[in-house]
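If you're matching positions, the sequence shown starts at 1 in full-length UniProt numbering and goes up one per residue.
Okay, so here's the structure we're looking at.
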Amino acid sequence: DQWFPTWSSQGPRALSVSKPGEVSCDHCSAPKLKALKSCLVCLSSYCESHLQPHLSVPGLKSHQLMEPVDNMEDRMCPQHHKLLELFCRSDHSCLCTMCALLEHQSHKFVSLKEEFDQRKASLQQTQQQSRHMVKQRRQKIQELQSSVQLSQRAVDREKSTGLQAFSALIESVQRSRERFIQELQEKHRHIQTQAEALLQQLKQEICELEQRSTEAEQLLRSEDHLHFLQHCPALPPTGLKDWSSVRLELEPFEGTAAQALTELEKNLKETFTEEMKKSVKTKNKLWREQQFAVDLTLNTDTAFVNLSVSKDLKQVHFTNQMNFPDSPQRFSNGSVLTKQSFSSGRFYFEVQVKDKTMWVLGVAKESVDRKNTEQLFNLFSGSLTLYINIEGFSLTNEQHVNL
(Lines of atoms letter the chains of each structure in order from A and count residues from 1; the text may use other names and numbers.)
(Lines give C-alpha, C1' and ligand atoms only; values in the text may rest on other atoms or scores of the structure.)
Protein backbone atom coordinates (compact mmCIF):
# COMPACT_ATOMS: atom_id res chain seq x y z
CA ASP A 1 0.00 0.00 0.00
CA GLN A 2 0.95 3.65 -0.40
CA TRP A 3 0.63 5.57 2.84
CA PHE A 4 0.06 9.34 3.18
CA PRO A 5 0.35 11.20 6.51
CA THR A 6 -2.67 13.26 7.57
CA TRP A 7 -4.06 14.81 10.71
CA SER A 8 -7.37 14.33 12.43
CA SER A 9 -8.84 15.34 15.72
CA GLN A 10 -7.15 12.31 17.24
CA GLY A 11 -3.73 13.33 15.91
CA PRO A 12 -1.62 12.25 12.93
CA ARG A 13 -2.50 8.99 11.16
CA ALA A 14 -1.87 7.35 7.80
CA LEU A 15 -4.65 6.71 5.27
CA SER A 16 -4.29 4.09 2.55
CA VAL A 17 -4.81 4.65 -1.15
CA SER A 18 -7.45 2.36 -2.63
CA LYS A 19 -6.09 -0.60 -4.55
CA PRO A 20 -7.63 -2.23 -7.64
CA GLY A 21 -10.82 -4.02 -6.63
CA GLU A 22 -11.39 -1.79 -3.58
CA VAL A 23 -14.03 0.97 -3.36
CA SER A 24 -12.48 4.43 -3.53
CA CYS A 25 -13.73 7.70 -2.05
CA ASP A 26 -15.92 9.67 -4.49
CA HIS A 27 -14.79 13.02 -3.05
CA CYS A 28 -11.01 12.57 -3.02
CA SER A 29 -8.83 14.08 -5.66
CA ALA A 30 -5.99 11.96 -6.95
CA PRO A 31 -4.76 9.87 -5.34
CA LYS A 32 -8.15 8.55 -4.19
CA LEU A 33 -8.21 7.02 -0.73
CA LYS A 34 -9.94 3.80 0.26
CA ALA A 35 -13.62 4.33 1.13
CA LEU A 36 -14.70 3.56 4.68
CA LYS A 37 -18.50 3.81 4.25
CA SER A 38 -21.13 4.37 1.55
CA CYS A 39 -24.24 6.53 2.09
CA LEU A 40 -27.54 5.16 0.81
CA VAL A 41 -29.04 8.67 0.76
CA CYS A 42 -26.21 10.56 -0.89
CA LEU A 43 -25.33 7.57 -3.06
CA SER A 44 -21.65 8.27 -2.48
CA SER A 45 -18.71 6.54 -0.86
CA TYR A 46 -16.46 8.33 1.63
CA CYS A 47 -12.98 7.89 3.07
CA GLU A 48 -12.49 8.49 6.79
CA SER A 49 -11.76 12.19 6.32
CA HIS A 50 -14.72 12.92 4.03
CA LEU A 51 -17.01 10.80 6.21
CA GLN A 52 -16.65 13.15 9.19
CA PRO A 53 -19.62 15.39 8.22
CA HIS A 54 -21.93 12.35 8.24
CA LEU A 55 -20.77 11.65 11.78
CA SER A 56 -21.09 15.21 13.11
CA VAL A 57 -23.57 17.31 11.07
CA PRO A 58 -27.15 16.78 12.44
CA GLY A 59 -28.74 16.79 8.97
CA LEU A 60 -26.36 14.09 7.73
CA LYS A 61 -26.22 11.90 10.84
CA SER A 62 -29.65 10.47 9.96
CA HIS A 63 -28.37 9.11 6.64
CA GLN A 64 -28.07 5.35 6.41
CA LEU A 65 -24.45 4.23 6.09
CA MET A 66 -23.25 0.84 4.92
CA GLU A 67 -20.05 -0.95 4.04
CA PRO A 68 -18.49 0.61 0.93
CA VAL A 69 -19.91 -0.57 -2.40
CA ASP A 70 -19.39 0.39 -6.04
CA ASN A 71 -22.04 1.65 -8.45
CA MET A 72 -24.40 3.29 -6.01
CA GLU A 73 -26.61 4.23 -8.98
CA ASP A 74 -27.56 0.57 -9.31
CA ARG A 75 -29.30 0.85 -5.95
CA MET A 76 -31.74 3.43 -7.34
CA CYS A 77 -35.07 2.60 -8.96
CA PRO A 78 -34.66 3.47 -12.66
CA GLN A 79 -38.37 4.42 -12.88
CA HIS A 80 -38.89 6.53 -9.74
CA HIS A 81 -35.25 7.42 -8.93
CA LYS A 82 -35.68 6.35 -5.33
CA LEU A 83 -33.60 3.95 -3.24
CA LEU A 84 -34.33 0.23 -3.68
CA GLU A 85 -35.12 -0.85 -0.14
CA LEU A 86 -37.92 -3.43 -0.46
CA PHE A 87 -38.19 -6.90 -1.98
CA CYS A 88 -41.34 -8.27 -3.62
CA ARG A 89 -41.70 -11.95 -2.89
CA SER A 90 -44.49 -12.27 -5.46
CA ASP A 91 -42.40 -11.00 -8.37
CA HIS A 92 -38.97 -11.77 -6.86
CA SER A 93 -37.72 -8.25 -7.55
CA CYS A 94 -36.27 -5.29 -5.63
CA LEU A 95 -38.59 -2.25 -5.17
CA CYS A 96 -38.56 1.31 -4.06
CA THR A 97 -41.40 2.67 -1.89
CA MET A 98 -43.16 4.16 -4.93
CA CYS A 99 -43.11 0.78 -6.70
CA ALA A 100 -44.65 -0.83 -3.63
CA LEU A 101 -47.46 1.79 -3.44
CA LEU A 102 -48.26 2.06 -7.13
CA GLU A 103 -47.59 -1.31 -8.71
CA HIS A 104 -47.19 -3.94 -5.98
CA GLN A 105 -49.79 -2.90 -3.41
CA SER A 106 -51.42 -6.36 -3.49
CA HIS A 107 -48.11 -8.22 -3.40
CA LYS A 108 -46.20 -9.50 -0.43
CA PHE A 109 -43.01 -7.51 0.10
CA VAL A 110 -40.47 -7.22 2.89
CA SER A 111 -37.37 -5.19 3.61
CA LEU A 112 -34.15 -6.04 1.81
CA LYS A 113 -32.54 -7.02 5.12
CA GLU A 114 -35.32 -9.46 6.01
CA GLU A 115 -35.12 -11.11 2.59
CA PHE A 116 -31.32 -11.04 2.81
CA ASP A 117 -31.32 -12.78 6.21
CA GLN A 118 -33.78 -15.41 5.04
CA ARG A 119 -31.98 -16.13 1.77
CA LYS A 120 -28.60 -16.11 3.43
CA ALA A 121 -29.79 -18.70 5.95
CA SER A 122 -31.29 -20.74 3.10
CA LEU A 123 -28.08 -20.47 1.07
CA GLN A 124 -26.01 -21.52 4.08
CA GLN A 125 -28.24 -24.56 4.47
CA THR A 126 -27.89 -25.27 0.75
CA GLN A 127 -24.13 -24.93 1.08
CA GLN A 128 -24.14 -27.38 3.96
CA GLN A 129 -26.23 -29.79 1.91
CA SER A 130 -23.88 -29.31 -1.05
CA ARG A 131 -20.85 -30.07 1.12
CA HIS A 132 -22.63 -33.16 2.41
CA MET A 133 -23.44 -34.24 -1.15
CA VAL A 134 -19.84 -33.60 -2.20
CA LYS A 135 -18.68 -35.74 0.72
CA GLN A 136 -21.12 -38.49 -0.25
CA ARG A 137 -19.96 -38.40 -3.85
CA ARG A 138 -16.32 -38.51 -2.86
CA GLN A 139 -17.09 -41.50 -0.69
CA LYS A 140 -18.91 -43.04 -3.65
CA ILE A 141 -15.84 -42.34 -5.83
CA GLN A 142 -13.67 -44.14 -3.28
CA GLU A 143 -16.20 -46.97 -3.18
CA LEU A 144 -16.24 -47.27 -6.98
CA GLN A 145 -12.45 -47.05 -7.19
CA SER A 146 -12.20 -49.69 -4.49
CA SER A 147 -14.64 -51.87 -6.46
CA VAL A 148 -12.56 -51.41 -9.61
CA GLN A 149 -9.43 -52.38 -7.67
CA LEU A 150 -11.21 -55.43 -6.25
CA SER A 151 -12.37 -56.33 -9.75
CA GLN A 152 -8.84 -55.95 -11.14
CA ARG A 153 -7.41 -58.12 -8.37
CA ALA A 154 -10.15 -60.69 -9.04
CA VAL A 155 -9.37 -60.59 -12.77
CA ASP A 156 -5.66 -61.04 -12.08
CA ARG A 157 -6.32 -63.96 -9.74
CA GLU A 158 -8.81 -65.61 -12.11
CA LYS A 159 -6.44 -65.05 -15.02
CA SER A 160 -3.59 -66.60 -13.08
CA THR A 161 -5.79 -69.53 -12.02
CA GLY A 162 -7.08 -70.02 -15.58
CA LEU A 163 -3.61 -69.88 -17.10
CA GLN A 164 -2.36 -72.39 -14.54
CA ALA A 165 -5.29 -74.68 -15.40
CA PHE A 166 -4.69 -74.37 -19.13
CA SER A 167 -0.96 -74.92 -18.63
CA ALA A 168 -1.69 -78.03 -16.60
CA LEU A 169 -4.07 -79.31 -19.29
CA ILE A 170 -1.56 -78.54 -22.06
CA GLU A 171 1.21 -80.30 -20.13
CA SER A 172 -1.07 -83.31 -19.65
CA VAL A 173 -1.81 -83.41 -23.39
CA GLN A 174 1.89 -83.09 -24.22
CA ARG A 175 2.80 -85.89 -21.82
CA SER A 176 0.11 -88.14 -23.32
CA ARG A 177 1.33 -87.30 -26.82
CA GLU A 178 4.91 -88.13 -25.89
CA ARG A 179 3.85 -91.42 -24.27
CA PHE A 180 1.81 -92.30 -27.37
CA ILE A 181 4.74 -91.63 -29.73
CA GLN A 182 7.16 -93.44 -27.40
CA GLU A 183 4.92 -96.51 -27.23
CA LEU A 184 4.68 -96.70 -31.03
CA GLN A 185 8.42 -96.28 -31.40
CA GLU A 186 9.13 -98.99 -28.81
CA LYS A 187 6.84 -101.43 -30.62
CA HIS A 188 8.55 -100.62 -33.90
CA ARG A 189 12.03 -101.00 -32.34
CA HIS A 190 11.04 -104.44 -31.01
CA ILE A 191 9.98 -105.56 -34.50
CA GLN A 192 13.08 -103.99 -36.03
CA THR A 193 15.33 -105.85 -33.56
CA GLN A 194 13.69 -109.18 -34.45
CA ALA A 195 14.00 -108.45 -38.16
CA GLU A 196 17.67 -107.48 -37.89
CA ALA A 197 18.48 -110.78 -36.12
CA LEU A 198 16.69 -112.80 -38.81
CA LEU A 199 18.30 -110.77 -41.58
CA GLN A 200 21.73 -111.46 -40.11
CA GLN A 201 21.05 -115.21 -40.14
CA LEU A 202 19.75 -115.07 -43.70
CA LYS A 203 22.78 -113.15 -44.93
CA GLN A 204 25.11 -115.63 -43.22
CA GLU A 205 23.35 -118.62 -44.81
CA ILE A 206 23.39 -116.89 -48.20
CA CYS A 207 27.16 -116.49 -47.89
CA GLU A 208 27.52 -120.18 -47.02
CA LEU A 209 25.30 -121.26 -49.91
CA GLU A 210 27.14 -119.04 -52.37
CA GLN A 211 30.47 -120.48 -51.16
CA ARG A 212 29.15 -124.03 -51.67
CA SER A 213 27.78 -123.09 -55.07
CA THR A 214 31.20 -121.80 -56.16
CA GLU A 215 32.88 -125.00 -55.01
CA ALA A 216 30.21 -127.10 -56.76
CA GLU A 217 30.74 -125.23 -60.06
CA GLN A 218 34.46 -125.96 -59.94
CA LEU A 219 33.79 -129.62 -59.11
CA LEU A 220 31.33 -129.96 -61.97
CA ARG A 221 34.03 -128.95 -64.44
CA SER A 222 36.27 -131.81 -63.25
CA GLU A 223 36.30 -135.19 -65.16
CA ASP A 224 38.41 -136.93 -62.52
CA HIS A 225 36.13 -139.54 -61.00
CA LEU A 226 38.17 -140.00 -57.87
CA HIS A 227 38.57 -136.29 -57.21
CA PHE A 228 34.87 -135.68 -57.80
CA LEU A 229 33.74 -138.35 -55.37
CA GLN A 230 36.21 -137.34 -52.69
CA HIS A 231 35.12 -133.67 -52.74
CA CYS A 232 31.43 -133.94 -53.60
CA PRO A 233 29.41 -132.28 -50.77
CA ALA A 234 26.53 -133.90 -48.99
CA LEU A 235 23.22 -133.59 -50.77
CA PRO A 236 21.07 -131.84 -49.82
CA PRO A 237 23.14 -129.29 -47.82
CA THR A 238 22.89 -129.71 -44.05
CA GLY A 239 22.87 -127.19 -41.17
CA LEU A 240 20.53 -124.74 -42.87
CA LYS A 241 17.40 -123.33 -41.25
CA ASP A 242 13.97 -123.97 -42.64
CA TRP A 243 12.68 -120.44 -43.31
CA SER A 244 9.28 -121.41 -44.68
CA SER A 245 7.50 -120.94 -41.34
CA VAL A 246 9.51 -117.97 -40.09
CA ARG A 247 7.38 -114.80 -39.63
CA LEU A 248 7.87 -111.49 -37.80
CA GLU A 249 5.68 -111.16 -34.71
CA LEU A 250 4.09 -107.79 -35.51
CA GLU A 251 2.85 -105.70 -32.57
CA PRO A 252 -0.84 -104.76 -32.64
CA PHE A 253 -0.60 -101.05 -33.55
CA GLU A 254 -4.35 -100.73 -34.01
CA GLY A 255 -6.03 -99.28 -30.92
CA THR A 256 -2.87 -97.62 -29.58
CA ALA A 257 -4.18 -94.13 -30.43
CA ALA A 258 -7.61 -94.92 -28.98
CA GLN A 259 -6.04 -96.19 -25.76
CA ALA A 260 -3.83 -93.09 -25.55
CA LEU A 261 -6.84 -90.83 -26.02
CA THR A 262 -8.77 -92.72 -23.34
CA GLU A 263 -5.90 -92.27 -20.88
CA LEU A 264 -5.64 -88.61 -21.91
CA GLU A 265 -9.33 -88.09 -21.25
CA LYS A 266 -8.93 -89.62 -17.79
CA ASN A 267 -5.89 -87.46 -17.02
CA LEU A 268 -7.66 -84.33 -18.26
CA LYS A 269 -10.64 -85.05 -16.03
CA GLU A 270 -8.37 -85.47 -13.01
CA THR A 271 -6.44 -82.31 -13.85
CA PHE A 272 -9.66 -80.39 -14.52
CA THR A 273 -11.16 -81.54 -11.21
CA GLU A 274 -8.04 -80.45 -9.33
CA GLU A 275 -7.94 -77.06 -11.05
CA MET A 276 -11.66 -76.54 -10.46
CA LYS A 277 -11.11 -77.05 -6.74
CA LYS A 278 -8.50 -74.31 -6.84
CA SER A 279 -10.88 -72.09 -8.81
CA VAL A 280 -13.66 -72.64 -6.27
CA LYS A 281 -11.32 -71.52 -3.50
CA THR A 282 -10.50 -68.41 -5.53
CA LYS A 283 -14.19 -67.69 -6.17
CA ASN A 284 -14.97 -68.12 -2.48
CA LYS A 285 -12.23 -65.63 -1.69
CA LEU A 286 -13.63 -63.20 -4.27
CA TRP A 287 -17.14 -63.67 -2.83
CA ARG A 288 -15.82 -62.81 0.63
CA GLU A 289 -14.22 -59.70 -0.78
CA GLN A 290 -17.37 -58.61 -2.60
CA GLN A 291 -19.65 -59.31 0.35
CA PHE A 292 -17.56 -58.21 3.32
CA ALA A 293 -14.69 -56.07 1.97
CA VAL A 294 -14.12 -52.82 3.87
CA ASP A 295 -12.03 -49.81 2.90
CA LEU A 296 -9.77 -49.02 5.84
CA THR A 297 -7.66 -45.93 6.51
CA LEU A 298 -5.15 -45.43 9.30
CA ASN A 299 -5.82 -43.07 12.20
CA THR A 300 -2.74 -40.88 12.70
CA ASP A 301 -4.04 -39.79 16.12
CA THR A 302 -3.34 -43.33 17.38
CA ALA A 303 0.00 -43.91 15.61
CA PHE A 304 3.12 -44.60 17.67
CA VAL A 305 5.66 -41.77 17.41
CA ASN A 306 8.03 -43.94 15.36
CA LEU A 307 5.39 -44.84 12.77
CA SER A 308 5.10 -42.78 9.59
CA VAL A 309 1.68 -42.88 7.90
CA SER A 310 1.33 -42.08 4.17
CA LYS A 311 -0.80 -39.19 2.91
CA ASP A 312 -3.51 -41.53 1.66
CA LEU A 313 -3.60 -43.15 5.14
CA LYS A 314 -3.07 -46.57 3.54
CA GLN A 315 0.58 -47.30 4.34
CA VAL A 316 2.70 -47.22 7.48
CA HIS A 317 6.37 -47.88 8.09
CA PHE A 318 8.81 -47.58 10.98
CA THR A 319 10.97 -44.45 10.93
CA ASN A 320 12.61 -41.87 13.16
CA GLN A 321 10.47 -40.27 15.82
CA MET A 322 7.72 -38.12 14.30
CA ASN A 323 6.59 -34.83 15.78
CA PHE A 324 3.24 -36.08 17.06
CA PRO A 325 1.49 -34.49 20.04
CA ASP A 326 0.83 -36.88 22.90
CA SER A 327 -2.77 -37.85 23.52
CA PRO A 328 -4.71 -40.60 25.33
CA GLN A 329 -5.49 -42.17 21.93
CA ARG A 330 -1.82 -42.54 20.91
CA PHE A 331 -0.05 -45.87 21.44
CA SER A 332 3.17 -46.02 23.42
CA ASN A 333 4.31 -49.06 21.43
CA GLY A 334 4.63 -49.68 17.70
CA SER A 335 0.90 -49.78 16.97
CA VAL A 336 -1.73 -47.87 15.02
CA LEU A 337 -5.49 -48.30 14.65
CA THR A 338 -7.75 -47.61 11.68
CA LYS A 339 -10.32 -44.83 11.62
CA GLN A 340 -13.06 -47.37 10.92
CA SER A 341 -14.48 -49.58 13.67
CA PHE A 342 -17.00 -52.44 13.73
CA SER A 343 -19.33 -53.66 16.44
CA SER A 344 -21.00 -56.60 14.67
CA GLY A 345 -21.13 -58.62 11.47
CA ARG A 346 -18.30 -59.88 9.29
CA PHE A 347 -15.72 -57.83 7.43
CA TYR A 348 -12.80 -58.62 5.14
CA PHE A 349 -9.56 -56.77 4.47
CA GLU A 350 -6.08 -57.56 3.20
CA VAL A 351 -2.73 -56.20 4.37
CA GLN A 352 0.49 -56.49 2.38
CA VAL A 353 3.69 -56.71 4.44
CA LYS A 354 7.12 -56.06 2.94
CA ASP A 355 10.68 -56.27 4.23
CA LYS A 356 9.74 -57.15 7.82
CA THR A 357 10.72 -60.22 9.79
CA MET A 358 8.35 -59.38 12.65
CA TRP A 359 4.93 -57.77 12.46
CA VAL A 360 1.53 -57.87 14.18
CA LEU A 361 -1.91 -57.64 12.59
CA GLY A 362 -5.23 -57.90 14.38
CA VAL A 363 -8.38 -56.33 15.79
CA ALA A 364 -8.71 -54.68 19.18
CA LYS A 365 -11.37 -53.28 21.44
CA GLU A 366 -11.57 -49.52 21.76
CA SER A 367 -10.51 -49.96 25.40
CA VAL A 368 -7.22 -51.65 24.43
CA ASP A 369 -4.32 -50.62 26.66
CA ARG A 370 -2.48 -48.09 24.50
CA LYS A 371 0.21 -47.19 27.01
CA ASN A 372 1.60 -50.69 27.51
CA THR A 373 5.24 -50.43 26.41
CA GLU A 374 6.13 -54.09 27.01
CA GLN A 375 4.52 -55.66 23.97
CA LEU A 376 2.23 -54.97 21.05
CA PHE A 377 -1.44 -55.43 21.94
CA ASN A 378 -1.38 -56.72 25.49
CA LEU A 379 -2.84 -60.23 25.55
CA PHE A 380 -5.30 -59.38 28.30
CA SER A 381 -6.45 -55.98 27.08
CA GLY A 382 -8.99 -57.14 24.53
CA SER A 383 -7.31 -57.97 21.25
CA LEU A 384 -7.03 -60.78 18.72
CA THR A 385 -3.78 -60.69 16.78
CA LEU A 386 -1.83 -62.63 14.19
CA TYR A 387 1.89 -62.07 14.40
CA ILE A 388 5.07 -63.41 12.85
CA ASN A 389 8.64 -63.53 14.09
CA ILE A 390 11.70 -65.67 13.40
CA GLU A 391 9.94 -68.63 15.08
CA GLY A 392 6.92 -68.56 12.74
CA PHE A 393 3.25 -67.53 12.80
CA SER A 394 1.17 -67.33 15.98
CA LEU A 395 -2.44 -66.47 16.76
CA THR A 396 -2.96 -64.67 20.06
CA ASN A 397 -6.09 -64.01 22.08
CA GLU A 398 -5.80 -65.10 25.70
CA GLN A 399 -3.25 -67.73 24.73
CA HIS A 400 -0.68 -68.31 22.01
CA VAL A 401 -1.51 -70.74 19.21
CA ASN A 402 1.30 -71.57 16.79
CA LEU A 403 0.16 -71.86 13.18
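Cβ atoms here follow ideal geometry from the backbone N, Cα and C, with glycine treated the same way.
Small disclaimer: the values here were computed from a predicted structure and weren't measured.
Annotated as distal: residue 302 and residue 264, with beta-carbon spacing of 8 angstroms or more. Here DSSP, grouped into helix, strand and coil, assigns residue 37 to strand.
When DSSP states are grouped into helix, strand and coil, residue 83 belongs to the strand group.
Taken through DSSP and simplified to helix, strand or coil, residue 94 comes out as strand. Annotation: residue 51 to residue 300 spans about 54 angstroms, alpha carbon to alpha carbon. Beta-bridge partners of residue 21 (DSSP): none assigned. As DSSP reads the structure, residue 338 sits in a beta bridge with 298.
Straight through space, the alpha carbons of residue 333 and residue 119 are spaced by roughly 53 angstroms.
Under DSSP, the beta-bridge partners assigned to residue 318 are 307. Around the beta carbon of residue 53, fewer than 16 other beta carbons lie within 10 angstroms, which makes this residue exposed. Spatial neighbours of residue 306 in its own chain (CB-CB distance under 8 angstroms, excluding positions within 5 residues in sequence) are listed in chain order as 318, 319, 320, 321, 322 and 334. Using a Cβ distance threshold of 8 angstroms, residue 270 and residue 168 do not count as a contacting pair. For residue 315 and residue 258, the gap between their C-alpha atoms comes out near 59 angstroms.
In the three-state DSSP reduction, residue 313 falls in the coil class, being neither helix nor strand.
Its chain contains 85, 86 and 87 as the residues whose beta carbon lies nearer than 8 angstroms to that of residue 111, once the 5 sequence neighbours on both sides are disregarded; these appear in chain order.
DSSP, reduced to helix, strand and coil, places residue 148 within a helical segment of the structure shown. In this structure the stretch 221–231 does not touch the stretch 137–152; the number of beta carbon pairs closer than 8 angstroms is below three.
Assignment of residue 109 by DSSP, reduced to helix, strand and coil, places it in the strand class. The criterion of a C-beta distance shorter than 8 angstroms is not satisfied by residue 69 and residue 17.
Taking all protein chains shown into account, residue 37 has 16 or more neighbouring C-beta atoms within 10 Å of its C-beta and is therefore buried. The distance from the Cβ of residue 95 to that of residue 81 is about 13 angstroms, inconsistent with a contact at the 8 angstroms cut-off.
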